[in-house]
Structures are given as C-alpha cells and as structure tokens.
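Take a look at the structure set out below.
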Amino acid sequence: MDTHADPLEHVRMEHGEVAVYQGLRLYSFATFRDEVVFAAIDSLDRKIDELRSSQEEVERTLAADSYAKLQQSTVEAFLLATQSMHERALRGLMTAMARKKAWSNAQQGQIQRCSLTGKESLQSLFLELFDAPMELFGLHDDLLFLNLLGNALRHGDGNAAMTIHKLAPSLWINWLPPGTVIANLFTVPLDAPRHPAFDSITLPRTVLEQMFMAVTAFWEDIEFVRCNSFSRKSESTEKHIDQLRSRRAMRSNERVWEIG
C-alpha cells in the first residue's frame, strides 16, 4: 500500500486520549454482531429452510412466508440498532473532544442536536474538532446510506426514503417505474408514483453486513489516527498501526454489497 497516497496518513489527533474512553468499543461491537445479530439471523435462516422442506403444505407456504417476514423485520431492527450505536458513539466522541478543547456549553449542545449533513452539521463540527473531514474515515458513502436507512426506518415514507430509492432502486424488487411496458401485455401508468412505498423495500442480510463493515471501518480509522499521532511509537504500537493500515487497504475487496 502506498501510504503517501492515503490522506489519512497525514492526519494527526490532538488529545487522542479522548478516543480511548469515548467512541465505539470495537470488541463489544463485534460481539454484538457475531453473537447476537448474525446468530439470530442464522437461526431464522435455518428455520425458513426447514419449513420450506416440510412435507406439510401449510408449513411450506404460510409458515415459511411468516418467518421470512420476521427475518426482514429482524434485519431492519438490527440496522436501526447499528445506526444508533454508531451515531451515539460519534456524538459522544465529539462532545468529549469539544469539552477537552474548551468549547462552550452551547457549542457542545449543538453536537447533540445537529444532523449528520448540511451547513450546521456533525460533518462540519467534526472538521473543526479533528482538523480533518469526516469522509476520510471509514466507508463514508456507506455511513451516509446507513444514516438514511435509520431515518427512513424510523419515519417511513419521506425524503430519506426517496433518496434511498434514488441511490439503491434494486432494493425494491417488485416495483417498476411509471411507463414501464411488460411484453406488450401491461404498461405501468405514467401517473403512477415515481417512488415506491418504503415498507415494500427488501433489505437482504448483505446490506446489514456491509453496514457493520462501514461502522467498524470508521472506528478502526479513528484508532489508526490516534495511534499514528504518537510522537514516539513502541514496536507493539507500530505493529498495531500496520494491522489497521492493512485492514483499511483490503476494504474495497471485502465488500459484500454495493449501493445501487
């Protein structure tokens, strides 16, 4: 990896000790992912496979469909939890850093109230606090998408849901845009809605897996910058930095889902 081409290599964190006590605990997050989230989804997958292999027609159809709907609700719930854990940790880190840098109570309160993007946003405040744009950390487009998912899952149809549809129309597998002609047999009316209802979205497990990767990547990069900011580094610290650097380099090849 050409470290000189990676702008994160040149970012330094003042008061890096804040990131030790604030932010997302990656070990706990990985435990939640593996022992709670994926364990639950794996269990539902096994149950659905069992029902679809049943000799009983009712189990093959109605029961299997019911469990498939439960699985979709489970993925949605875990996406919400993932987004909430990341956002809470991010605001906590930023508030602690603002306190360390003697920001006023009003400025600290703004961190807790503002949205992720926009003029007065977490992104702009992050730049002020860390002297580096937030988009350098982790898989930024995925994290923006996760934020949209969190908003849409909480509120349903609205701007976030429409933006998700524009970015990832493939998540609506049973929707066709107005004017679509199907084998000269059927045409979707031109005055049909330009965006599908959000509750008709299909969110596969791979979306959840990719969002976990995105959150993990962000906090790995926070840890990388913290350690890389040390004026003197021990051998174990250098090894830790190299491990984080290697994981950062492999992210594009490890993707399990693309926005689209």
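Residue numbers for the sequence shown follow this note's numbering, so the first one is 30 and each next one is one higher.
Where is the CB? At the ideal position from N, CA and C, for every residue including glycine.
Please read all numbers here as calculations on a predicted model, not as lab measurements.
Cβ-Cβ separation, L99 to E249 (assumed contact under 8 Å), whole Å: The beta carbons of E249 and L99 sit about 32 Å from each other, so the pair does not count as a contact at 8 Å.
Assigned exposure category for T231 - 16 Cβ within 10 Å defines buried: So T231 ends up on the exposed side.
Strand pairing of T216, partner residues [DSSP]: Bridge pairing for T216: V210 [DSSP].
C-alpha distance - Q101 paired with K130, whole-angstrom precision: One C-alpha to the other measures close to 44 Å.
S150 (DSSP reduced to helix, strand or coil): Strand, per DSSP.
Neighbour-count burial assignment, P218, 16 or more Cβ in a 10 Å radius: Classification for P218: exposed.
Beta-carbon proximity of L175 to T111, cut-off 8 Å: Contact flag set, yes.
Nearest candidate by alpha-carbon position, reference G272, set A246, F159, W286, E46: In the sequence as displayed, the identity of residue 272 is Gln instead of Gly. Ranking the options by Cα distance to Q272, first place goes to A246.
Best match in A34, E46, I288 for proximity to E252 [C-alpha to C-alpha]: Looking at the Cα atoms, E46 is the closest of the given residues.
Local Cβ density within 10 Å of T216, reported as buried at 16 or more and exposed below that: Burial call: exposed.
Contact set for H194: own chain, Cβ-Cβ below 6 Å, skip 5 residues either direction: Taken in chain order, the residues that qualify are H224.
Residue of S263, T266, L196 minimising C-alpha distance to E287: Of the candidates S263, T266, L196, the one whose C-alpha sits nearest the C-alpha of E287 is L196.
Proximity below 8 Å, CB of L200 to CB of A189: Against a cut-off of 8 Å, the Cβ pair of A189 and L200 comes out as no contact.
Expected contact under 8 Å - CB spacing of M240 and E283 to nearest Å: Actually they do not touch by this definition, with Cβ atoms about 14 Å apart.
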